[in-house]
Amino acid sequence: MPRRGLRGGLLKFIREDDLEQIRFAVLEVLSEVGVLMEYRPALELLADHGAQVDWDQSIVRIPDWLLAKALLSAPSRFTLYGKTPEWDVKVDLDRVYTIGGSCALSVLDLDGAHRPAMRKDLVDLTRLLEAMPNLDIMHQIVVPSDVPELGYELINFATCYSISKRNYYSQAQSADSVRDQVRMAAVFQGSEEAVRRRPTFTEVVCMVSPLKHEKQNSEVLMESARWGIPLYIEVDALCGATTPAPIAGTLVESGANVLAGVVLAQLVNPGVPCIYSIASGIMDMSNGAYSGAAPETTLIHAATAQVAHRFGLPYQGGTGIDAKLPDAQAGYERALQVLTNILAGTNFVHLSYGMMEQMLLASYEQVVIDEEIIGAAYRIARGFEVNDYTLSVDLLARIGPLGGHFLRERETRESYRKDRWLPTITDRNTWDTWQAAGGKDMRQAANERARAILAREEPWAVSPEQAEEIERIAQEGVVKAQARRQQLQ
53 MPRRGLRGGL LKFIREDDLE QIRFAVLEVL SEVGVLMEYR PALELLADHG
103 AQVDWDQSIV RIPDWLLAKA LLSAPSRFTL YGKTPEWDVK VDLDRVYTIG
153 GSCALSVLDL DGAHRPAMRK DLVDLTRLLE AMPNLDIMHQ IVVPSDVPEL
203 GYELINFATC YSISKRNYYS QAQSADSVRD QVRMAAVFQG SEEAVRRRPT
253 FTEVVCMVSP LKHEKQNSEV LMESARWGIP LYIEVDALCG ATTPAPIAGT
303 LVESGANVLA GVVLAQLVNP GVPCIYSIAS GIMDMSNGAY SGAAPETTLI
353 HAATAQVAHR FGLPYQGGTG IDAKLPDAQA GYERALQVLT NILAGTNFVH
403 LSYGMMEQML LASYEQVVID EEIIGAAYRI ARGFEVNDYT LSVDLLARIG
453 PLGGHFLRER ETRESYRKDR WLPTITDRNT WDTWQAAGGK DMRQAANERA
503 RAILAREEPW AVSPEQAEEI ERIAQEGVVK AQARRQQLQ
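In the working numbering, each residue carries its 1-based index in the sequence shown increased by 52.
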């Protein structure tokens, strides 16, 4: 059975009339202000279909009717395919899923060392993430320091794709990289045509704020769309620095920037799935740093769900931890972000596992702790049923007010099996019992669980022969990327 996420969207931050004002402002920016696109073939395609292009400044202005046509062809329901059907993710505007961490440069390892990420960390962290029941989509949680800078995403693809059965969230750096990733997926899927029919990976394209599509991003977007690979079209805004300081202004900039990408993708291949995405945060004016866990950042991400859904598109929002250790700060930051986004109906809660220090650091222990937090958040968001059975009037009449209890009742057993969330590393014992069991805090419990998971020898998602061929293609792609760089110098 495919994965069918929890239904979210109970929490709304934008009133209906305000949401309409935001929508009209997005349309105005797209049609009157425009978006800078550095890639001339993208401008030519848009111009051929009715957009207004300022060729001197490479700015494209997209009329309302062209956006409306694109939104009609962009699906609001589709499937992100895993390597086996039970890992297929059924996407619509209601259901909520999680995506792993992304592109940290350092790790906090199980011995407590803070150090540069290595490829072995990518292997081990991917194996650890693969064991997390609430994770739906796999991503490259670190960028290893011991792989070449050019083509690193191919090494990461080969590593994560070979290990994980889940759909893989990739980040190509060129059109050639997209084609190499299709070749790698074809090793497992049997042919490139099979990849086109049922892509087992997606691509994220990160646009620049304010209102800019760099050449590389448009190339990747267009090549991915040609293959029918679903796209997360993402804006990574810094509210107050690269977008307006008012939250509403940041929502407008992100909307125009993302939707320009959606229009381009639909012109290349009508019907290719597009996910409205942000990984934005606020600038902390006291130190100039990005804050992924500020309450204003949470507001931006949760409110954007309403904006994306108003345009009929599924939505990905990222979460962040500013803490440097798996401590109380990390716990409250993760819990507030995850629970708020789930309740707000963020269809893909990105950066959900292990990410710390403004997304620069990945922690093994925090991966396990985040699984616990996400499980609890899902239970809260699921709510409870109200019907004749759960109202329990007959049960109350049967037990009565004369000192009875409900411990032996069938309804109690059924309710506990169905409705109660059971923690994995959370301790609910008294002080004496906890001390007698070793007196371990949550970080110690998470450390032990991570070590136990990594000690197991779980089979990878692909065969050893397939993994070897996928690695060969990745290494070949790295060589090609380096050769292209030398030709440009």
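Glycine residues also receive a C-beta, built at the ideal position from the N, C-alpha and C atoms.
Assignment of His-457 by DSSP, reduced to helix, strand and coil, places it in the coil class.
Tyr-220 and Val-199 have their alpha carbons spaced roughly 20 Å apart.
Going by C-alpha positions, Leu-62 is about 33 Å away from Val-194. Secondary structure of Tyr-405 (DSSP, three-state): coil.
Assignment of Met-236 by DSSP, reduced to helix, strand and coil, places it in the helix class. From the listed residues Thr-136, Arg-171 and Leu-180, the smallest Cα separation to Gly-406 is found for Leu-180. Here the C-alpha atom of Phe-363 lies approximately 7 Å from the C-alpha atom of Leu-123. Look at the segment 418 to 496 and you find these whole runs of alpha helix (DSSP H), each 4 residues long or longer: 440 to 443, 445 to 451, 462 to 471 and 483 to 488.
In its chain, beyond the 5 residues on either side, Ile-505 have a beta carbon closer than 7 Å to the beta carbon of Ala-183. Nearest to Ser-226 by alpha-carbon distance, out of Arg-113, Ala-246 and Ala-533, is Ala-533.
Your pair Leu-448 and Val-159 does not check out as a contact, with CB atoms roughly 54 Å apart and the cut at 8 Å. For Ser-216, same chain residues with a beta-carbon under 7 Å away, outside a window of 5 residues either side, are Thr-178, Glu-182, Met-190 and Ala-513 in chain order.
Here the C-alpha atom of Ile-352 lies approximately 10 Å from the C-alpha atom of Val-359. Between the beta-carbon of Ala-355 and that of Val-324 there is about 26 Å, and that puts the pair past the 8 Å contact cut. For Arg-55, no beta strand (DSSP E) segment is defined, and its DSSP state is neither H nor E. Taking a 10 Å sphere around the C-beta of Gln-541, we find fewer than 16 other C-beta atoms and assign the residue as exposed. In the DSSP assignment, Arg-75 falls outside any beta strand (DSSP E) and lies within the alpha helix (DSSP H) extending over 68 to 80. In this structure Gln-496 is exposed. Its beta-carbon is surrounded by fewer than 16 other beta-carbon atoms within 10 angstroms. Approximately 15 Å separates the beta-carbon atoms of Val-315 and Leu-88; this is outside 8 Å, ruling out the contact.
Look at the segment 93 to 177 and you find these whole runs of alpha helix (DSSP H), each 4 residues long or longer: 116 to 125. Inclusion of Ala-498 and Val-420 in the CB contact set at 8 Å is warranted, their separation being smaller than that value. Rounded to the nearest whole angstrom, the CA to CA distance from Leu-290 to Gly-301 is 12 Å. Around Arg-462, the same chain offers no residue with a beta carbon nearer than 6 Å, after the five sequence neighbours per side are excluded.
In this structure, Met-408 sits near Lys-376, with a CB-CB distance shorter than 8 Å. Per DSSP, reduced to three states, the secondary structure at Thr-302 is helical. Looking at the DSSP output, Asp-336 sits in a beta bridge with Ala-341. Annotation for Glu-286: the continuous beta strand (DSSP E) segment containing it runs 283 to 287. A buried status is given to Gln-418, since no fewer than 16 other beta-carbon atoms sit within 10 Å of its beta-carbon. Restricting attention to beta strand (DSSP E) runs no shorter than 3 residues, the segment 309 to 382 encloses them at 326 to 330, 333 to 336, 341 to 343 and 367 to 370, ordered along the chain. Rounded to the nearest angstrom, the gap between the Cα atoms of Phe-65 and Ala-433 is 16 Å. Check the Cα spacing between Arg-235 and each of Arg-536, Pro-378, Ala-519 and Gln-539: the tightest is with Ala-519. Cys-258 is bridged by DSSP to Glu-286.
Thr-252 sits close to Ala-237, with the two beta carbons spaced by under 8 Å. Straight through space, the alpha carbons of Pro-475 and Asp-484 are spaced by roughly 20 Å.
Where Met-274 is concerned, the enclosing alpha helix (DSSP H) starts and stops at 267 to 279.
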